[in-house]
Amino acid sequence: MKIVIIGSGFAGLKLARKLNNKPNVEVLLIDKYNYHQFQPLFYQVATSSLDASNISFPLRKAFQHSKNVRIRLTTVTDIDTTNNCVKTDIGDFDYDVLVLATGADTNFFGNKQMQALAYPMKSTVEALRLRHHLIQNFEDALRVKNNSEELKPYMSIVIVGGGPTGVELSGAIAEMRNKILPKDYPELDFSTMKIYLVEGSPKTLGVMSEKSSEQSCKYLHELGVTVINNTVVKEFDGYKVTLSTGETIETKTVIWAAGVKGNIPGGIDPTLVVRGNRIKVDRYNKILGFNNVYAIGDVASMETPKYPTGHPQLANVAITQGKLLAKNLLKISSGSREPLEEYEYHDKGSLATVGRNRAVVDIPHPKIHIGGFLAWVFWMSLHLFLIVGVKNRVQIFINWMYKYFTFDQNLRLIFRGLGITDNAQLPQHQLPTVQQHLQTLIPDEKAGVPVTQSNQVVTPSPAQVPTQPASATSVAKVVV
Ligand SMILES: Cc1cc2nc3c(=O)[nH]c(=O)nc-3n(C[C@H](O)[C@H](O)[C@H](O)COP(=O)(O)OP(=O)(O)OC[C@H]3O[C@@H](n4cnc5c(N)ncnc54)[C@H](O)[C@@H]3O)c2cc1C
399 MKIVIIGSGF AGLKLARKLN NKPNVEVLLI DKYNYHQFQP LFYQVATSSL
449 DASNISFPLR KAFQHSKNVR IRLTTVTDID TTNNCVKTDI GDFDYDVLVL
499 ATGADTNFFG NKQMQALAYP MKSTVEALRL RHHLIQNFED ALRVKNNSEE
549 LKPYMSIVIV GGGPTGVELS GAIAEMRNKI LPKDYPELDF STMKIYLVEG
599 SPKTLGVMSE KSSEQSCKYL HELGVTVINN TVVKEFDGYK VTLSTGETIE
649 TKTVIWAAGV KGNIPGGIDP TLVVRGNRIK VDRYNKILGF NNVYAIGDVA
699 SMETPKYPTG HPQLANVAIT QGKLLAKNLL KISSGSREPL EEYEYHDKGS
749 LATVGRNRAV VDIPHPKIHI GGFLAWVFWM SLHLFLIVGV KNRVQIFINW
799 MYKYFTFDQN LRLIFRGLGI TDNAQLPQHQ LPTVQQHLQT LIPDEKAGVP
849 VTQSNQVVTP SPAQVPTQPA SATSVAKVVV
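Counting from 399, one number per residue, gives the positions in the sequence shown under this note's numbering.
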């Protein structure tokens, strides 16, 4: 049986590993990157705590000794379910069984201005881009250090979305401001630097328990983060953010952690796509109406009595769906008469960290909440356990210990020439208008989303930009 898996994230990689060297199946694993990305630690790459290679694992290494798993590095553009083939930049591939494990991408909720100017964090490359911007921002601030008005936008950072990603990122940036940046840039006064976390709902970590929400907010206050609840970001012109309350914040840095939507290649019937751009699947992860096409992980929406609107978009859901699908596909390929197993998600708990010695853990059965140092140690141990590759695990552990004892890290490096966008490098009058920039967006009709070209430098004038309210839905939560 020829199985094509699109996507080597948590779901696709687990599935391919479980089918590795098994009889009766040939696997083709397709991804646009040649490595698996450990998304929960993107924020540590963005804040110079970890090297990008520490959270990435080369796919070819994972299947070096495989007899039946082959890999192709390309983007799937379309699926032809009539002829059982997927279309890619490097040619077409036939399948007997197709599995979509394409995950999710940032959702800007149609706000093109935000898409053009804010920094998302949904890939290692985007995490690196954010890291470079954060460091370059302070290099640029030095140019205007004697003019307090001009300096203001460089000394404020706005993070949109108070889910785990926004909370973890705010905490990490606050720790940089408190411990590292004043040593790196003695000419700048970091007591004036502001970090704002803007959340549309009444609380941060709204997907977790009341206690965790409250505690996360307390930790953020302790670290000096200004949390603004019940508020959404309406506009950003590259220099100033306008909130739904009418207030404005001068900033050159808006980080977008406010929503995700499923990645669906062309060829999927739009009537199968539900909220969050996810594909409706049955309890076996089979896409409704098909016999041989499946979706797993973030891109799949399976309605169950416990999860009537689909499962949360979490690594553990993706991993367990990949695992079960492998089991069921092996039964099918061997002609076994054993019944296939339905998927049921068992929530083992959720956790998030806000910084050194500060984390929150919720365990559902028995209902336990842990906060502080113990929760932080738990958070670290779990992430070390989950990361792919022994070398990565050892390197991350050493990095974390080094940082814990020295309050420092050596990764604040800007690598030029990588096609990294950075609006901060040019004074305002040299930047093209957002209208010009929007013309350079490549319409990705398959996904229905315009994709920005790299190296675009923009500033919009609000009058030129069709603005839409940004929703402040939380990005995926953190789960054991
Ligand atoms: C910043 C951040 C922090 C997070 N923290 C946590 C956490 O702490 N705990 C937790 O449980 N979850 C967390 N999540 C969510 C978790 O990462 C996702 O639920 C999980 O990655 C979903 O796995 P997946 O396999 O469905 O998709 P992904 O892991 O996103 O993998 C999808 C893969 O498909 C590939 N792909 C997509 N489209 C195509 C195409 N057309 N052609 C070829 N390849 C394609 C992509 O390159 C990618 O490799 C976090 C997510 C983010 C962004």
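Beta carbons are placed, not taken as given, at the ideal position from N, Cα and C, and that holds for glycine.
Remember, predicted model here, so these are calculated numbers, not experimental data.
Identify, in the order they occur along the chain, each residue of the same chain with its Cβ nearer than 8 Å to the Cβ of residue i, setting aside the five sequence neighbours on each side.
i    : result
D487 : T472, T473, T475
S611 : K601, T602, L603, G604
G888 : Look at the range of the chain in this structure, 399 to 878, and you will see that residue 888 is not part of it.
Q807 : S446, S447, I578, N797, Y800, K801
A525 : F440, Y441, V443, A444, A450, M519
Y552 : N535, F536, D538, A539, V542, K650, A822
V671 : G660, I662, I677, K678
Residue i bridges to which residues according to DSSP?
i    : result
Q435 : S454
W654 : V558
Y802 : Paired residue(s): none; Y802 is not in a bridge.
G664 : D476
F491 : V484
A502 : G660
D760 : S748, H767
F634 : V639
G753 : R756
L595 : I557, V625
Y692 : V497, K684
Y517 : I653
L471 : D429
M700 : V679
T646 : T640
V671 : I677
I401 : V425, V495
Rounded C-beta distance between residue i and residue j? I'm assuming under 8 Å.
i    : j    : result
G559 : E597 : 7 Å
L457 : N432 : 6 Å
V759 : A773 : 4 Å
V495 : I401 : 5 Å
A716 : I694 : 7 Å
N661 : A516 : Rounded, the Cβ-Cβ distance is 19 Å, inconsistent with contact.
T504 : W654 : 6 Å
L595 : I557 : 5 Å
T702 : R673 : With a Cβ gap of about 15 Å, T702 and R673 do not count as contacting.
Here's the rule I'm using: 16 or more other beta-carbon atoms within 10 Å means buried, otherwise exposed. How should residue i be labelled?
i    : result
F536 : buried
V792 : exposed
N628 : exposed
D492 : exposed
L417 : buried
V847 : Unreliable placement is indicated for V847, whose pLDDT of 35 sits below 50; the coordinate value is still reported in the next sentence. By the 10 Å Cβ count, V847 comes out buried.
D490 : exposed
N422 : exposed
T819 : Bear in mind that a pLDDT of 49 at T819, under 50, signals an unreliable position, so the model cannot answer this.
F803 : exposed
S546 : exposed
V832 : Annotation note: pLDDT 42 at V832 (below 50); position unreliable, no value reported.
Q826 : Confidence is the limiting factor: at Q826 the pLDDT is only 43, short of 50, which leaves the residue's position unreliable and the question unanswerable from this model.
T669 : exposed
F882 : Outside the displayed span of the chain (399 to 878) sits residue 882, for which this structure offers no information.
Let me make sure I understand the geometry here. Which of the options has the alpha-carbon closest to that of residue i?
i    : options                : result
L586 : I403, N544, T804, N808 : N544
S599 : E620, V625, E742       : V625
K801 : V759, G405, D449       : D449
A757 : N683, G664, E566, K430 : E566
T751 : S554, K465, M606, H434 : M606
S521 : V443, I477, I717       : V443
K459 : R415, K704, V671, C483 : R415
F805 : V671, N576, A502       : N576
N419 : I677, Q435, Q462       : Q462
I768 : Q613, N482, L528       : Q613
I647 : I555, H781, Y741       : I555
N481 : E548, D429, N452, F688 : F688
F813 : M399, R529, I453       : R529
E608 : S748, G720, L722, P703 : S748
L427 : N452, Q511, P438, S464 : S464
Q511 : E740, I730, L738, K638 : K638
L723 : K765, Y705, D680       : D680
E424 : G770, M399, G407       : M399
L549 : L686, T590, L780, F771 : T590
G410 : I685, V697, G644, H531 : V697
Please return the same chain residues whose Cβ sits closer than 6 Å to the Cβ of residue i, not counting the five positions on each side in sequence.
i    : result
L579 : F588
H744 : none
R810 : S446, I533
K430 : T473
S642 : T629, V630, K632
Within the present structure, is the beta-carbon of residue i separated from the nearest heavy atom of ligand 2 by less than 6 Å?
i    : result
F783 : Ligands displayed in this structure: ligand 1; ligand 2 is not among them.
Looking only at its chain, what residues have a beta carbon closer than 7 Å to the beta carbon of residue i, apart from the 5 residues adjacent to it on each side?
i    : result
K875 : Model confidence at K875 stands at a pLDDT of 35, short of 50, so the residue's coordinates are unreliable; what they give is reported in the following sentence. Taken in chain order, the residues that qualify are G561, P562, V605, M606, P710, L712, S748.
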